[in-house]
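K.L.:
Start counting at 1 in the sequence shown, then tack on 439, and there's your number in the numbering used here.
We put the CB at the ideal spot given by N, CA and C, even for glycine.
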Amino acid sequence: MTDTGLRIKADQVVMCCGNLQSKEYSTLEAHAGFHATPYPIGRLARSARSKASVAILGARLSAIDVALGLAGRGFEGQMTMYSRSGYFPSVRGTQGRYTPSIMTLDRLRQYFERHGSIRLPVVVDWMMQELAVAGSPVVDVDQLPPAAPVDVVAFFEDEIAAAASPRPWQAVLYATNSVIDYLWQILHDDDRVTFMSRYAAAWMSYRVSIPVENASRLVDLAKQGRLSFRKGAASVAPAPGGGFSITTTADANSGSVEHFDMVVGAFGTPRDAVQLDSRLIQSLLKTGSAQAHRHGGLVVDPGTSALIDSFGSTSEHISVLGELTSGVHFFTSVLEINARHAARLAKRIFAQTTRVESSTPISLPLPVPLSLPLGSYGENRPAPLQ
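Printed below as a string of structure tokens:
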């Protein structure tokens, strides 16, 4: 049932909820100038005074959308971008596509059949071999993960220079789209914990890149004094008299308090389902119809995308796609991966529907007039069936 009292009966429900907001800053939403989501950017830009100070919480694609979107719409104020991890996106090179020869689905399946799981050192070794085949300099494993940049502007300048040529390592990382969900599922759980706590932030910064044009615009804004960067946790609170105070930690400005007229949440969807600001998700968790996955999102069957409840039972009627499956599939923000999961799910639902229809006699009634209450659809309501 919807908030408007509309009841919809369906044999199959597919939850494709997209990017959901976090409850972390829900108490701030009532304060003028706080935006829990940056989208649509046009509306955000219209709400910002031209000389206002803006804090952007996040440093990935959504945060960059905010900085460039505001600047491109005539905003002249000061923007500050906060990165919890200290990492910022790499810049996309000129390389083409790459077809893996080491990290292949067949090889992963064979390894899983023999060993029951795969350990992180094996994955790293295979990736090093793949990088060598692709023509990329092999990384010193002892230097992983690479440190977050100290000077963010210098980091982007170095990235822009490197992006003028092919970057084979990027092609190798992009090519993992074909196997990364399966790789994550067979990775030993101890190594999943290690990866999420130690490597995930760095991996995302190198895997999710930005065009050189966007990086150049960020550098220009920084050199004009219109954009600055902060690293570490940021604590946000309403300021007396309006606006917001932000305290940073683990940064050169650690412990300092800065004041902003506007704050924009651009951290993206939180992995922890309990932290999602969604009545639907919280209701499913509360009733036991769903359970939170320890590595993010909800627990689903990896092969069918069917929702699994708190008792371990697999639903025959509810399936989940996208960000809500991040714990099971890990990397769920790429169209290629989501399209693959969606196609597989569509085939399964179609097959189930076909079986039901072929085994169940159906009696179709004669058409009858459809009566709708006045005002349900305004003047655009459909005419009665004839």
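V739 bridges to which residues according to DSSP?
P.N.:
On the sequence shown, position 300 is the one that residue 739 refers to. Answer is L746.
K.L.:
In its own chain, which residues sit with a C-beta less than 7 angstroms from the C-beta of E515, not counting the 5 before and 5 after it?
P.N.:
As a position in the sequence shown, residue 515 is number 76, starting the count at 1. Hits under 7 angstroms: S489, K490.
K.L.:
Per DSSP, what are the beta-bridge partners of Q721 in this structure?
P.N.:
Your numbering for residue 721 matches position 282 in the sequence shown. Q721 pairs with nothing; no bridge assigned.
K.L.:
Confirm, please, whether the CB-CB distance from A587 to Y526 is below 7 angstroms.
P.N.:
Walking along the sequence shown from the start, residue 526 turns up at place 87. Walking along the sequence shown from the start, residue 587 turns up at place 148. A contact, by the Cβ cut-off of 7 angstroms.
K.L.:
Hey, out of I447, V453, I720, whose CA is closest to S754's CA?
P.N.:
Working through the sequence shown from its first residue, we reach residue 754 at position 315. Minimum Cα distance to S754 is reached at V453.
K.L.:
What is the residue span of the beta strand (DSSP E) that M567 lies within?
P.N.:
Locating residue 567 in the sequence shown gives position 128, counting from the first residue. Per DSSP, M567 belongs to no beta strand (DSSP E); it is in the alpha helix (DSSP H), 559–573.
K.L.:
The beta strand (DSSP E) that contains Y550, what's its start and end?
P.N.:
Locating residue 550 in the sequence shown gives position 111, where the first residue counts as 1. In the DSSP annotation of this structure, Y550 is not part of any beta strand (DSSP E); the continuous alpha helix (DSSP H) holding it starts and ends at 544–554.
K.L.:
Starting from V759, trace the beta strand (DSSP E) both ways and give me its first and last residue.
P.N.:
In the sequence shown, the residue the question calls residue 759 occupies position 320. Residues 753–759.
K.L.:
DSSP state of T519, grouped into three classes?
P.N.:
Taking the sequence shown and counting its residues from 1, the one referred to as residue 519 is at position 80. Strand, per DSSP.
K.L.:
Could you name the residues of the same chain whose beta carbon sits closer than 7 angstroms to that of S604, not counting the 5 residues immediately before and after it, in chain order?
P.N.:
The residue labelled residue 604 in the question sits at position 165 within the sequence shown. Around S604: G532, T533.
K.L.:
Based on Cα-Cα distance, which residue from S465, M701, G736, S722 lies nearest to D711?
P.N.:
The count along the sequence shown starts at 1 and reaches residue 711 at position 272. Closest option to D711, Cα to Cα, is G736.
K.L.:
Determine the closest residue to Y478 out of T466, A469, S492, G457, with distance taken between C-alpha atoms.
P.N.:
Along the sequence shown, one-based indexing puts residue 478 at 39. That would be G457, whose Cα lies nearest to the Cα of Y478.
K.L.:
Mapping DSSP to helix, strand and coil, what is P479?
P.N.:
For this step, residue 479 is matched to residue 40 along the sequence shown. Coil at P479, not helix or strand.
K.L.:
By DSSP's criteria, F683 is part of a beta bridge. Which residues make up the other side?
P.N.:
Taking the sequence shown and counting its residues from 1, one reaches residue 683 at position 244. In DSSP, F683 forms a bridge with P677, F699.
K.L.:
Tell me, to the nearest whole angstrom, how far the beta carbon of I480 is from that of N653; I am working on the premise that it is less than 8 angstroms.
P.N.:
Locating residue 480 in the sequence shown gives position 41, where the first residue counts as 1. Locating residue 653 in the sequence shown gives position 214, where the first residue counts as 1. Wrong, their Cβ atoms sit about 14 angstroms apart, outside the cutoff.
K.L.:
Got a sec? Which residues, its chain only, sit under 7 angstroms from S575 by beta carbon, not counting five neighbours each side?
P.N.:
Walking along the sequence shown from the start, residue 575 turns up at place 136. Setting aside the 5 residues that flank it on each side, S575 is surrounded in the same chain by P607, W608, V611, each with a C-beta closer than 7 angstroms to its C-beta; the list follows chain order.
K.L.:
Have a look at K462 and L719 and give me their C-alpha separation to the nearest angstrom.
P.N.:
For the purposes of this step, residue 462 is taken as residue 23 along the sequence shown, with counting starting at 1. For the purposes of this step, residue 719 is taken as residue 280 along the sequence shown, with counting starting at 1. The alpha-carbon atoms of K462 and L719 are separated by roughly 13 angstroms.
K.L.:
Looking only at C-alpha atoms, which of R546, I685, L784 sits nearest to G761?
P.N.:
As a first step, residue 761 is located in the sequence shown; it is residue number 322 there, counting from the start. Residue L784 is the option with its Cα nearest to G761.
K.L.:
Please report the distance separating the alpha-carbon of R485 from that of V773.
P.N.:
What you label residue 485 is simply residue 46 of the sequence shown in a count that begins at 1. What you label residue 773 is simply residue 334 of the sequence shown in a count that begins at 1. Rounded to whole angstroms, R485 and V773 show a C-alpha spacing of 29 angstroms.
K.L.:
Please say whether V580 and V563 have beta carbons closer to each other than 7 angstroms?
P.N.:
Start at 1 with the first residue of the sequence shown, and residue 563 comes out as number 124. Start at 1 with the first residue of the sequence shown, and residue 580 comes out as number 141. Yes, Cβ-Cβ distance for V563 and V580 is below 7 angstroms.
K.L.:
Measure the CB-CB distance between G472 and D700 and report whether it falls below 7 angstroms.
P.N.:
Residue mapping note: residue 472 aligns to position 33 of the sequence shown, counting from 1. Residue mapping note: residue 700 aligns to position 261 of the sequence shown, counting from 1. Closer than 7 angstroms, so yes.
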